[in-house]
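A.B. asks: If you count by the UniProt record's numbering, then the sequence shown holds residues 1 to 337, one letter each, in order. Glycine included, C-beta positions come from ideal geometry on N, C-alpha and C. All figures in this text were calculated on a predicted structure; none of them were measured in a lab. To start, I am sharing the structure in question, which I have written as structure tokens.
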Amino acid sequence: MTDDVIGQDIEVDANSEGDASQDAQAEDTRVEDVQPEIDTAPFCRPSDNACADENTTRICAPDGSEFVETACAEDEECVSAACVTRPICDAGEKKCYDASNLMTCRPGGTAWRTETCDDGTTCVAGACVSGAPNGAVCAENSDCANALCRCGAEESCSPIGGEAVTPYCSAGCTPGSCGSGEVCASAQDFPALGQDHCVPACNQTCALDGMTCASIPTRDSGSLTFEQACVPEGVVNIGLECSAATASACAGGTCLDDVFEVGLCTSTCTGDCPDGTACVQLKSGDSAYYCSPICGDGTPGASTTCPLDGGRNLWSITCKTKSDFNGLPIQVCAKSS
Numbered sequence: 001m002t003d004d005v006i007g008q009d010i011e012v013d014a015n016s017e018g019d020a021s022q023d024a025q026a027e028d029t030r031v032e033d034v035q036p037e038i039d040t041a042p043f044c045r046p047s048d049n050a051c052a053d054e055n056t057t058r059i060c061a062p063d064g065s066e067f068v069e070t071a072c073a074e075d076e077e078c079v080s081a082a083c084v085t086r087p088i089c090d091a092g093e094k095k096c097y098d099a100s101n102l103m104t105c106r107p108g109g110t111a112w113r114t115e116t117c118d119d120g121t122t123c124v125a126g127a128c129v130s131g132a133p134n135g136a137v138c139a140e141n142s143d144c145a146n147a148l149c150r151c152g153a154e155e156s157c158s159p160i161g162g163e164a165v166t167p168y169c170s171a172g173c174t175p176g177s178c179g180s181g182e183v184c185a186s187a188q189d190f191p192a193l194g195q196d197h198c199v200p201a202c203n204q205t206c207a208l209d210g211m212t213c214a215s216i217p218t219r220d221s222g223s224l225t226f227e228q229a230c231v232p233e234g235v236v237n238i239g240l241e242c243s244a245a246t247a248s249a250c251a252g253g254t255c256l257d258d259v260f261e262v263g264l265c266t267s268t269c270t271g272d273c274p275d276g277t278a279c280v281q282l283k284s285g286d287s288a289y290y291c292s293p294i295c296g297d298g299t300p301g302a303s304t305t306c307p308l309d310g311g312r313n314l315w316s317i318t319c320k321t322k323s324d325f326n327g328l329p330i331q332v333c334a335k336s337s
């Protein structure tokens, strides 16, 4: 009887183990049959559109799969995820286009509106004000839009180059402060001007009464340069002949009278000189550089004559190839010996 019981127990235990194995396999099958949940949400939405930076848009692709970055055009900027025309001015801002025309920035800041000032007024500092523009003939300060009549009733001026100065409207200035189409003349480099003041720019000729077009010193760029401007008629241009009587009228502030038989209206220089002249050394034993007239087109060795000679065959003047301030060869008027 004992043996039968033992045999039954073993048989029951074996069957139990089989049932457990089948249960585990079924459980394994159920776990493997469960599929992971797929995320169907888009990577981005149109509401996510933005500016990647001030010049680039960052837009969600139509299928929502990615962001696409696109650069704006040169005259555009990114605002609220869109490229828009970049403002060139502040809406309502006003400034002078020239002495006769006032500009006002349009709404949106993308363009200017221009209007002509009324007769008898001049555009000054963004407004049309009563008075004549710089360079116009005047008698007293009240005649001028900038309230300065150079050499008028309120200011005594000496003749320039032996010629009386015709009073003209102007404005005091610091480098770069004059209006469009004007030059801040430097009295530091041309003492005959009396003071730094604004004069109209020109190109070879000046149509204003009592004025001539000359290359004058200015520091508008921060360093000494020469610009053509309308100045009193007695002014002598750099590169031309001068004498003791006209020495103070030299536009460069210097009448060099110990190099040639005639004086040379010039300026000391460090590279920049008016058109038609070059910055070279002229005096033996002197390290200073001066603006000297260019012979012909300046080609070294070319057969030509010095403009300063004027066809007089002056013995002390010839054309020579010299190194300019920057070390480049150029043919200029120089002392013959």
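Go ahead and label L328 buried or exposed: buried means 16 or more other beta carbons lie within 10 angstroms of its beta carbon, across all protein chains shown.
C.D. replies: By the neighbour-count rule (16 or more Cβ atoms within 10 Å), L328 is not buried but exposed.
A.B. asks: Which two residues bound the contiguous beta strand (DSSP E) that contains K283?
C.D. replies: First-last for K283: undefined, no H or E at that position.
A.B. asks: Out of curiosity, what's the CA-to-CA distance linking A288 and G239?
C.D. replies: Taking the straight line joining both Cα atoms gives about 17 Å.
A.B. asks: Under 9 Å, do I160 and S267 count as touching if we go by C-beta distance?
C.D. replies: Not closer than 9 Å, so no.
A.B. asks: Helix, strand or coil for N237 per DSSP?
C.D. replies: Three-state result, N237: coil.
A.B. asks: Using only alpha-carbon positions, find the residue among G152, C128, T225 that is nearest to P175.
C.D. replies: The option with the nearest alpha carbon to P175 is T225.
A.B. asks: Assuming A185 and A136 make a contact with CB atoms under 8 Å, what is their CB distance in whole Å?
C.D. replies: That belief does not hold up - the Cβ atoms of A185 and A136 are roughly 16 Å apart, past 8 Å.
A.B. asks: Would you grab the beta carbon distance between L308 and I294 for me? Rounded to a whole angstrom, and I think it's under 8 Å.
C.D. replies: Contact doesn't hold; Cβ gap of about 11 Å is too wide.
A.B. asks: Mapping the DSSP letters down to three states, classify L193 as helix, strand or coil.
C.D. replies: DSSP places L193 in helix when its eight states are reduced to three.
A.B. asks: How long is the line joining the alpha carbons of T205 and C333, rounded to whole angstroms?
C.D. replies: So the two alpha carbons sit approximately 25 Å from each other.
A.B. asks: Take the Cβ of S170 as the centre, count every other Cβ of all protein chains shown within 10 Å, and call the residue buried at 16 or more, exposed below.
C.D. replies: Flag for S170 reads buried.
A.B. asks: How about D98 and G152: are their beta carbons less than 9 Å apart?
C.D. replies: It is not a contact, given that the beta carbons lie outside the stated cut-off.
A.B. asks: Please list the segments of the beta strand (DSSP E) lying wholly inside the stretch 61–126, counting only runs of 3 or more residues, in order along the chain.
C.D. replies: Listed in chain order, the complete beta strand (DSSP E) runs (minimum 3 residues) inside the stretch 61–126 are 67–71, 76–79, 82–85, 94–96, 101–105, 112–116, 121–124.
A.B. asks: Where does the unbroken beta strand (DSSP E) through I317 begin, and where does it stop?
C.D. replies: 317–323 is the extent of the beta strand (DSSP E) around I317.
A.B. asks: How is D309 classed by DSSP in three states: helix, strand or coil?
C.D. replies: The answer is coil: DSSP assigns D309 none of H, G, I, E or B.
A.B. asks: Using alpha carbons as the reference points, say which of S130, E93, A125, G120 lies closest to A111.
C.D. replies: Closest by alpha carbon: E93.
A.B. asks: Could you tell me which residues DSSP pairs with G276 in its beta bridges?
C.D. replies: DSSP, once it has assigned bridges, lists no residue as partnering G276.
A.B. asks: Tell me whether the beta-carbon of K335 lies closer than 9 Å to the beta-carbon of S303.
C.D. replies: Not a contact, by the Cβ cut-off of 9 Å.
A.B. asks: Can you check which of these residues, A73, A244, E74, G120, is closest to G131 by C-alpha distance?
C.D. replies: Selected option, being the one with the closest Cα: G120.
A.B. asks: Can you give me the C-alpha to C-alpha distance between I88 and T114, rounded to a whole angstrom?
C.D. replies: Roughly 15 Å between the two C-alpha positions.
A.B. asks: Anyone know if the C-beta pair for L193 and V231 falls short of 9 Å?
C.D. replies: Taking 9 Å as the Cβ cut-off, L193 and V231 qualify as a contacting pair.
A.B. asks: Suppose the cutoff is 8 Å on Cβ atoms and the five residues either side in sequence are ignored; what does the same chain contact list for V79 look like?
C.D. replies: So the qualifying residues of the chain are C51.
A.B. asks: Apply the 10 Å Cβ neighbour rule to P167 and answer buried if 16 or more other Cβ atoms are within range, or exposed otherwise.
C.D. replies: Buried is the call here.
A.B. asks: Measure the C-alpha to C-alpha separation of A145 and A127 and round it to an integer number of angstroms.
C.D. replies: The straight-line gap from Cα to Cα measures roughly 11 Å.
A.B. asks: Quick check on the burial criterion: 16 or more other C-beta atoms within 10 angstroms. Buried or exposed for D63?
C.D. replies: It is exposed - the Cβ of D63 has fewer than 16 other Cβ atoms within 10 Å.
A.B. asks: Could you compute how far the alpha carbon of D9 sits from the alpha carbon of A41?
C.D. replies: Low confidence applies here, because D9 scores a pLDDT of 47, under 50, leaving its location unreliable; read the following figure in that light. Between D9 and A41, the C-alpha separation is close to 59 Å.
A.B. asks: Out of curiosity, what's the CA-to-CA distance linking M211 and D297?
C.D. replies: Each residue's Cα considered, the two are about 29 Å apart.
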